[in-house]
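A short write-up of the structure that comes next.
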Amino acid sequence: MTVRTRIAPSPTGDPHVGTAYIALFNLCFARQHGGQFILRIEDTDAVRSTRESEAAILSSLRWLGLHWDEGPDVGGPKGPYRQSERADIYKAHAAQLLERGHAFECFCTAERLEALRKAQLAEKGRVGYDGHCLSLSKQEVEERKSRGEPFVVRMKIPATGVCVINDLLRDPVEIEWQQVDMQVLIKADGLPTYHLANVVDDHLMEITHVMRGEEWITSAPKHLLLYQYFGWQPPVLCHLPLLRNPDKSKLSKRKNPTSIGYYRRMGYLPEALLNYLGMMGWTMPNGEEKFTLDEMAQSFDVKRVSLGGPVFDLAKLSWLNGRYIRENLTADQFADRLVEWALNREYGVPILKLVQERVERLSDVLPKVGHFFSGSPALTEQSFAHKKLSLDEVKRILFFSSRRLDGLRKWDAETLKAELERLGEGLGFKIRELLFPLFVALSGNAVSTPLYDTLHILGPDLSRTRLREALQALGGLSKKQLEELEREYRKLPGGETEGA
Ligand code: GLU
Numbered sequence: 011m012t013v014r015t016r017i018a019p020s021p022t023g024d025p026h027v028g029t030a031y032i033a034l035f036n037l038c039f040a041r042q043h044g045g046q047f048i049l050r051i052e053d054t055d056a057v058r059s060t061r062e063s064e065a066a067i068l069s070s071l072r073w074l075g076l077h078w079d080e081g082p083d084v085g086g087p088k089g090p091y092r093q094s095e096r097a098d099i100y101k102a103h104a105a106q107l108l109e110r111g112h113a114f115e116c117f118c119t120a121e122r123l124e125a126l127r128k129a130q131l132a133e134k135g136r137v138g139y140d141g142h143c144l145s146l147s148k149q150e151v152e153e154r155k156s157r158g159e160p161f162v163v164r165m166k167i168p169a170t171g172v173c174v175i176n177d178l179l180r181d182p183v184e185i186e187w188q189q190v191d192m193q194v195l196i197k198a199d200g201l202p203t204y205h206l207a208n209v210v211d212d213h214l215m216e217i218t219h220v221m222r223g224e225e226w227i228t229s230a231p232k233h234l235l236l237y238q239y240f241g242w243q244p245p246v247l248c249h250l251p252l253l254r255n256p257d258k259s260k261l262s263k264r265k266n267p268t269s270i271g272y273y274r275r276m277g278y279l280p281e282a283l284l285n286y287l288g289m290m291g292w293t294m295p296n297g298e299e300k301f302t303l304d305e306m307a308q309s310f311d312v313k314r315v316s317l318g319g320p321v322f323d324l325a326k327l328s329w330l331n332g333r334y335i336r337e338n339l340t341a342d343q344f345a346d347r348l349v350e351w352a353l354n355r356e357y358g359v360p361i362l363k364l365v366q367e368r369v370e371r372l373s374d375v376l377p378k379v380g381h382f383f384s385g386s387p388a389l390t391e392q393s394f395a396h397k398k399l400s401l402d403e404v405k406r407i408l409f410f411s412s413r414r415l416d417g418l419r420k421w422d423a424e425t426l427k428a429e430l431e432r433l434g435e436g437l438g439f440k441i442r443e444l445l446f447p448l449f450v451a452l453s454g455n456a457v458s459t460p461l462y463d464t465l466h467i468l469g470p471d472l473s474r475t476r477l478r479e480a481l482q483a484l485g486g487l488s489k490k491q492l493e494e495l496e497r498e499y500r501k502l503p504g505g506e507t508e509g510a
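Remember, our numbering sits 10 above the position in the sequence shown when you count from 1.
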């Protein structure tokens with residue numbers, strides 16, 4: 011048997027360090043067994059998936075030095091590797107399940123399902139589908155279909171008994187079938203849900219080991235049942251521990267930058283970041299903390315992965331990065347890295363254009379553009395002193411602009427301008443007032459390079475992090491304040507449509 015592992019990211023946002031961590035472990039496992047590592051794009055959520063996000067994920071993983079043997083960009087014998095291009099395959103498989111009586115058509119309306127959910131919540135019972143359409147006759151199903159009534163396909167679930175999940179890292183986990191919902195497999199638009207597409211693809215792509223984040227363990231019963239319904243051998247399952255914030259909560263961008271782009275822009279070296287991700291739940295047998303991908307792959311043993319929630323600690327990562335800079339680079343190579351990172355024309359010229367009109371000597375330039383080449387500015391309450399705005403108003407502005415920019419997919423100066431102007435109007439602030447806290451958050455100064463261009467050049471990762479850190483520098487927001495502001499935000503023009 012050839013070992014085949016995969017990473018299956020959904021292209022719905024910024025490339026996440028957690029994706030790189032899971033990819034690294036899958037790659038090491040495949041390499042160690044002389045197998046293959048596959049990259050598959052799970053874009054069944056047509057509304058949230060974008061090609062920009064897919065491209066960003068691929069380029070971030072490549073920047074880190076992770077390479078896959080098969081994928082949407084490199085091709086391979088089991089393609090296509092993008093689920094949006096495999097709709098017919100899933101349809102055919104769902105038809106098979108219907109034919110064999112393992113699935114059923116469900117015509118329940120959104121209103122009925124919502125009423126059901128409310129009633130179940132009120133009774134404090136289990137929330138889930140009640141099997142209303144399970145017993146429709148073939149004839150009725152055909153009639154309703156021919157009338158054009160929208161329907162989904164759901165999988166049948168045993169009424170009793172338990173599902174036993176065998177996991178490489180755990181004792182068998184038992185989940186009662188009663189706890190498992192009759193999962194929708196094909197949505198009303200004819201596209202599959204994650205569960206069906208994931209199982210069908212893992213089988214057809216001959217994946218032997220599914221190594222993924224432990225948040226998916228509760229989905230395993232549905233997946234194992236689907237393998238059984240199809241009569242397929244399921245892959246070996248291995249749920250890896252989730253990355254954690256230092257307070258042990260699940261790694262989230264509210265507490266820690268999670269986008270790989272942030273680390274790249276902050277000047278972490280890819281080999282150091284990859285090494286650091288290798289330390290998440292894994293230690294080298296010799297105890298060495300600094301190691302290469304090759305070294306990790308050579309001594310990798312998945313059984314030694316520890317389940318005690320690995321903490322993603324920025325200070326430790328920075329320490330390791332420093333070691334790479336000090337120990338691995340000559341001064342010339344160090345210079346090359348800086349050039350590659352930001353001291354180049356591509357990054358520099360648009361910045362110089364912003365200050366050319368405002369300098370008299372070359373030596374005036376660097377002090378004006380430092381914020382494009384350094385980490386977040388050091389901020390205190392004093393930095394935000396303003397004759398009209400109170401600190402509370404500054405915090406409101408930081409929260410609302412952060413919220414707006416978090417949801418923004420298009421990141422050019424015009425879009426940024428339009429969005430912030432709309433926000434200013436919605437909040438009743440003059441645009442100059444609204445922009446003041448942003449200038450300070452991004453550059454450390456009330457007067458700086460033009461704001462929309464600055465945001466554009468800094469890019470979403472650094473800009474969002476600086477706004478978040480500025481709010482923290484002012485003491486942050488309590489849970490209650492956050493909830494209130496969140497409610498207020500949703501009422502603003504554009505507030506409901508953009509998710510964080
Ligand atoms: N598309 C899922 C994700 O984004 C993949 C989960 C899995 O590996 O099965 O995490």
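Think of the CB as a built atom: it goes at the ideal place given N, C-alpha and C, for glycine as much as any other residue.
- Assigned with DSSP and collapsed to three states, E184 falls in strand.
- Set against 7 Å, the gap from the CB of S63 to the closest heavy atom of the ligand GLU is not smaller.
- Its chain contains D24, H26, V27, G28, L261 and S262 as the residues whose beta carbon lies nearer than 8 Å to that of T268, once the 5 sequence neighbours on both sides are disregarded; these appear in chain order.
- If you look at L214, you'll find it in the alpha helix (DSSP H) that goes Y204 to L214.
- Note on geometry: alpha-carbon atoms of Q392 and V210 lie some 58 Å from one another.
- Burial check for Q189: the Cβ neighbour count within 10 Å stays below 16, so the residue is exposed.
- About 7 Å separates the Cβ atoms of L330 and E299, confirming a contact at the 8 Å cut-off.
- DSSP places S145 outside both helix and strand once states are collapsed to three, so it counts as coil.
- Contact between the segment 167-176 and the segment 49-62 is absent: fewer than 3 CB-CB pairs across the two stretches fall below 8 Å.
- Excluding five sequence positions before and after N255, the CB atoms of its chain that fall closer than 6 Å to its own CB belong to L261, K265 and N266, given in chain order.
- No heavy atom of the ligand GLU is found nearer than 7 Å to the CB of Y100.
- Within the same chain, Cβ atoms closer than 6 Å to the Cβ of E64 are found at P21 and I51, the five residues on either side in sequence being excluded.
- The nearest non-hydrogen atom of the ligand GLU is less than 7 Å from the C-beta of E52.
- Per DSSP, A65 is one residue of the alpha helix (DSSP H) stretching across R61 to W73.
- Following the DSSP letters along the chain, one finds G434 inside the alpha helix (DSSP H) bounded by residues A423 to L437.
- In this structure, the CA atom of R92 is about 6 Å from the CA atom of P82.
- When the beta-carbon positions are compared, K378 and V365 come within less than 8 Å of each other.
- The alpha-carbon of G504 is positioned some 51 Å away from that of S309.
- Fewer than three Cβ pairs drawn from the segment 203-220 and the segment 279-298 lie within less than 8 Å of each other, which leaves the two stretches out of contact.
- Annotation for V220 indicates a beta carbon within 7 Å of some heavy atom of the ligand GLU.
- L415 is not a Cβ neighbour of L461, given a cutoff of 8 Å.
- Ranked by Cα distance from K313, the first of I99, F39 and V194 is F39.
- Taking a C-beta distance under 8 Å as the contact criterion, I48 and W78 qualify as a contact pair.
- About 6 Å separates the beta carbon of E224 from that of P251, a gap short enough to meet the 8 Å contact definition.
- As the crow flies, the alpha-carbon of E80 is around 14 Å from that of R41.
- Where F114 is concerned, the enclosing beta strand (DSSP E) starts and stops at A113 to C116.
- Annotation: the continuous beta strand (DSSP E) that includes N176 extends over V172 to D177.
- Straight through space, the alpha carbons of L401 and A395 are spaced by roughly 8 Å.
- The closest CA to that of D181, considering only L433, L247, A307 and E337, is found on L247.
- For R264, there is no enclosing beta strand (DSSP E), as DSSP marks it with neither H nor E.
- As a beta-bridge residue in DSSP terms, T15 pairs with F47.
- CA-CA distance, G469 to W421, rounds to 7 Å.
- Taking the CA atoms as reference points, H103 sits about 35 Å from D311.
- R164 carries a strand assignment under DSSP once its states are collapsed to helix, strand and coil.
- About 5 Å separates the CB atoms of L408 and L481; that is less than 8 Å, so the two are in contact.
- A residue is called buried when at least 16 other Cβ atoms come within 10 angstroms of its Cβ; N296 does not meet this threshold and is exposed.
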